[in-house]
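Asks:
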Amino acid sequence: MSFKSNLIALRGEIIKQNRNYHNSLSSILSLLIWPIMNLIYIFFLYKSFNISYLSRYGITTINEFIIFLITGALVYNCFWSMVQSAFYLSFERQNGTLESVFITPVNILSYLYGRALGGIITSLWMYFSFSFIILFLTREFSIRLVMVSIIAVVIVVFSATVWGGFINAIFLSSRDASYLFTICDEPMRIFSGSTVPILAFPIWGQIISYIFPATYCLYIVRNIYMSTLFNLNMYIYFILSLLILVALTFIIAKVSYKNSQKNGSLQLY
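All the letters of the sequence shown, read from the start, carry residue numbers 1 to 269 under the UniProt record's numbering.
1) I think residue 112 touches residue 163, with their Cβ atoms under 8 angstroms apart; what is that distance to the nearest whole Å?
2) Taking the alpha-carbon of residue 126 as reference, which of 73, 56 and 67 has the nearest alpha-carbon?
3) Taking the straight line between their C-alpha atoms, what separation do you get for residue 48 and residue 62?
4) Rounded to whole angstroms, how far is the Cβ of residue 242 from the Cβ of residue 71, which I believe are closer than 8 angstroms?
5) How would you label residue 171, buried or exposed, when you count the other beta carbons within 10 angstroms and need 16 or more for buried?
6) Just to confirm the assignment, what range does the alpha helix (DSSP H) spanning residue 225 have?
7) With a cut-off of 8 angstroms on the beta carbons, I'd call residue 76 and residue 194 a contact; round off their distance for me.
8) Using a Cβ-Cβ cut-off of 7 angstroms (strictly less than) and excluding sequence neighbours within five positions of residue 205, which residues of its own chain qualify?
9) Please check the pair residue 67 and residue 234, which I expect to be a contact at CB under 8 angstroms, by giving their CB distance rounded to whole angstroms.
10) Under three-state DSSP, which class holds residue 231?
11) Considering residue 53, what are the terminal residues of the alpha helix (DSSP H) in which it resides?
12) Closest by CA to residue 69, which one among 249, 253, 87 and 37?
13) Does the beta-carbon of residue 168, which I'm using as the reference point, lie nearer than 6 angstroms to any heavy atom of the ligand FMN?
14) On a CA-only basis, which of 199, 184, 224 and 173 is nearest residue 213? Give me that one, please.
15) Considering only the alpha carbon of each residue, which of 251, 248, 64 and 220 lies closest to residue 236?
16) What are the start and end residues of the alpha helix (DSSP H) that includes residue 200?
17) Taking 7 angstroms as the threshold (C-beta atoms), are residue 238 and residue 160 in contact?
18) Going by other Cβ atoms of all chains shown within 10 Å of its Cβ, with 16 needed for buried, is residue 158 buried or exposed?
19) Leaving aside the five residues before and after residue 208 along the sequence, list all residues of the same chain whose C-beta is less than 7 angstroms from its C-beta, in chain order.
20) I believe residue 109 touches residue 253 by the beta-carbon criterion, under 8 angstroms. Please report the beta-carbon distance rounded to the nearest angstrom.
21) How is residue 205 classed by DSSP in three states: helix, strand or coil?
22) Put residue 63 into one of helix, strand or coil per three-state DSSP.
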């Protein structure tokens with residue numbers, strides 16, 4: 001397929017995702033209420049603790065603590081929406097969309113990344129809304145801060161899309177991969193550093209943390225808004241993790257596609 005055809009397929013999947021799963025009031029409210037409730041719960045849970053103990057993790061003021069929690073909640077919500085988008089593949093099997101994908105010349109990667117982008121777009125409006133709160137808390141509203149905030153959004157969208165394509169490819173390879181929803185979601189919430197600094201984990205917990213690209217994405221976003229030490233290795237690991245995910249997505253998608261062509265039928269899904 002040509003580049004233009006791939007773009008059309010990508011755009012079509014994004015539109016389909018929003019029309020099918022993100023066009024109802026209940027869906028919009030769930031995307032708003034649950035992250036906010038989770039953020040409020042975490043804030044009041046940690047508010048009673050002495051903030052001075054967090055100085056070893058680069059958090060020295062209450063504003064930095066709030067920024068830490070907000071960035072963690074926003075980035076995690078974007079990555080979580082990718083897992084949720086992949087989980088919706090069970091509905092695609094019921095309405096025959098996957099069958100259409102496999103018997104038409106549409107690029108399978110365009111389909112996977114289109115699903116990912118369609119899932120994250122609805123989370124971006126909340127990201128932008130809370131970004132204004134972060135800008136207010138930094139007490140340094142300037143053109144430079146606005147520009148780096150835009151860069152932070154691009155980093156989050158790009159990394160979450162790559163993660164989403166990988167998760168969708170895994171769900172695509174099996175008729176019953178719903179158990180992966182729990183495996184990919186809860187460990188990422190705990191170990192990515194969205195609510196607890198990574199350095200607070202034991203060594204085995206830190207090793208698990210470095211598996212998830214959300215860990216590196218969170219580090220970069222917090223490095224933009226907070227006065228934390230610059231660590232070049234984290235940026236290198238971030239790029240390497242995305243390259244590995246893209247390669248794995250391509251391999252898994254191709255293997256699933258060939259396996260379905262060989263062993264599948266119109267009733268496969």
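Just so it is clear, CB atoms sit at the ideal spot from N, CA and C, and this is done for glycine as well. For clarity, every value in this text was computed on a predicted model and none was experimentally measured.
Replies: This is what the structure holds:
1) In the sequence shown, counting from the first residue as 1, residue 112 sits at position 112. In the sequence shown, counting from the first residue as 1, residue 163 sits at position 163. Their Cβ separation, rounded to whole angstroms, is 11 angstroms, which puts residue 112 and residue 163 out of contact at 8 angstroms.
2) Translated into positions along the sequence shown, residue 126 becomes position 126. It is 73 whose Cα lies nearest to the Cα of residue 126.
3) For the purposes of this step, residue 48 is taken as residue 48 along the sequence shown, with counting starting at 1. For the purposes of this step, residue 62 is taken as residue 62 along the sequence shown, with counting starting at 1. Approximately 12 angstroms, taken between the alpha carbons.
4) Here the question's residue 242 lines up with position 242 in the sequence shown. Here the question's residue 71 lines up with position 71 in the sequence shown. Their Cβ separation, rounded to whole angstroms, is 19 angstroms, which puts residue 242 and residue 71 out of contact at 8 angstroms.
5) For the purposes of this step, residue 171 is identified with residue 171 of the sequence shown, where counting begins at 1. Buried is the call here.
6) In the sequence shown, the residue the question calls residue 225 occupies position 225. Its alpha helix (DSSP H) spans residues 213-225.
7) On the sequence shown, residue 76 is found 76 positions in, with the first residue counted as 1. On the sequence shown, residue 194 is found 194 positions in, with the first residue counted as 1. So it is a contact: roughly 4 angstroms between Cβ atoms.
8) Taking the sequence shown and counting its residues from 1, the one referred to as residue 205 is at position 205. Answer for residue 205: 191, listed in chain order.
9) In the sequence shown, the residue the question calls residue 67 occupies position 67. In the sequence shown, the residue the question calls residue 234 occupies position 234. With a Cβ gap of about 18 angstroms, residue 67 and residue 234 do not count as contacting.
10) As a first step, residue 231 must be located in the sequence shown, where it is residue number 231. Three-state result, residue 231: coil.
11) For the purposes of this step, residue 53 is taken as residue 53 along the sequence shown, with counting starting at 1. Neither: residue 53 is in no alpha helix (DSSP H) and is coded neither H nor E.
12) On the sequence shown, residue 69 is found 69 positions in, with the first residue counted as 1. Comparing Cα positions, the closest option is 37.
13) No copy of the ligand FMN occurs in the structure displayed, which carries no ligand at all.
14) In the sequence shown, counting from the first residue as 1, residue 213 sits at position 213. When only C-alpha atoms are compared, the closest one is 184.
15) Counting from 1 along the sequence shown, the entry for residue 236 is found at position 236. For the residues 251, 248, 64 and 220, the minimum Cα distance to residue 236 belongs to 220.
16) Residue mapping note: residue 200 aligns to position 200 of the sequence shown, counting from 1. Run containing residue 200: none; DSSP gives neither H nor E here.
17) As a position in the sequence shown, residue 160 is number 160, starting the count at 1. As a position in the sequence shown, residue 238 is number 238, starting the count at 1. Not a contact, by the Cβ cut-off of 7 angstroms.
18) The residue given as residue 158 occupies position 158 in the sequence shown. Classification of residue 158: exposed, given that the 10 Å Cβ count is below 16.
19) Position 208 of the sequence shown, counted from the first residue, corresponds to residue 208. Here the set comprises 187 and 191.
20) Here residue 109 refers to the residue found at position 109 of the sequence shown. Here residue 253 refers to the residue found at position 253 of the sequence shown. Between residue 253 and residue 109 the Cβ distance is about 6 angstroms, and since that is below 8 angstroms, they are a contact.
21) As a first step, residue 205 is located in the sequence shown; it is residue number 205 there, counting from the start. If DSSP states are grouped into helix, strand and coil, residue 205 belongs with the helices.
22) The count along the sequence shown starts at 1 and reaches residue 63 at position 63. Looking at residue 63 - three-state DSSP - the assignment turns out to be helix.
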